[in-house]
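Here the structure comes first, spelled out in structure tokens, and everything after it is commentary.
Residue numbers (this note's numbering): 5 to 162.
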């Protein structure tokens, strides 16, 4: 499974940020670019990234499996990640997570039957003072998420 010319051009811009003999330093950015194109990181996609960066595939797998922002299986159109670490939990994120689970009818790591939403449990997002926080598709963070704001977000994304 190859990547588009547009994605390869984006990866080249990331590679250019590092010394020529350290192309592999762009692996995290390259995986995000590949995921943005494909929606998730199939083994074939990670192999394409490894080949392009001149890395052993296992080194790419190690990165992709370590960080929670990479999707190693297909997800819904909207991946909602809610921080459930202790500081956020104490500020209402556990209750917010329960609200999302009830509204969507799924648990963490599951996707709604219509394929629209995947709910993920996240680690610290560095926004403890603004909890509960929800990250949509690893790109946009929503803060101070009351039940009403969660309902409005789901409605906006439908």
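C-beta atoms are modelled at their ideal positions from N, C-alpha and C, and glycine is treated no differently.
Cβ atoms of residue j and residue i: under 8 Å apart, would you say?
i, j, result
"residue 62", "residue 31", "no"
"residue 48", "residue 33", "no"
"residue 11", "residue 41", "yes"
"residue 84", "residue 121", "yes"
"residue 35", "residue 76", "no"
Please classify residue i: does DSSP put it in a helix, a strand, or coil?
i, result
"residue 110", "coil"
"residue 161", "helix"
"residue 98", "helix"
"residue 64", "helix"
"residue 140", "strand"
"residue 115", "strand"
"residue 131", "coil"
Can you round the beta-carbon distance between residue i and residue j to whole angstroms, since I take them to be within the 8 Å contact cut?
i, j, result
"residue 104", "residue 90", "About 19 Å; that fails the 8 Å criterion."
"residue 125", "residue 88", "5 Å"
"residue 82", "residue 142", "Not really, about 11 Å apart at Cβ, beyond 8 Å."
"residue 134", "residue 147", "4 Å"
"residue 149", "residue 139", "Incorrect: roughly 11 Å between the Cβ atoms, too far for contact."
Name the one or two DSSP bridge partners that residue i has.
i, result
"residue 121", "82"
"residue 145", "139"
"residue 87", "126"
Any beta carbon of chain D sitting closer than 8 Å to that of residue i?
i, result
"residue 60", "Structure shown: chain D not included; a single protein chain is present."
Worksheet entry | Sufficient close CB pairs (3 or more, under 8 Å) joining the segment 57-72 to the segment 87-100 | no
Practice task
Count the CB pairs spanning the segment 100-116 and the segment 65-74 that are closer than 8 Å, and state whether there are at least three.
Solution key: Under the 8 Å Cβ criterion, the segment 100-116 does not count as touching the segment 65-74, having fewer than three qualifying pairs.
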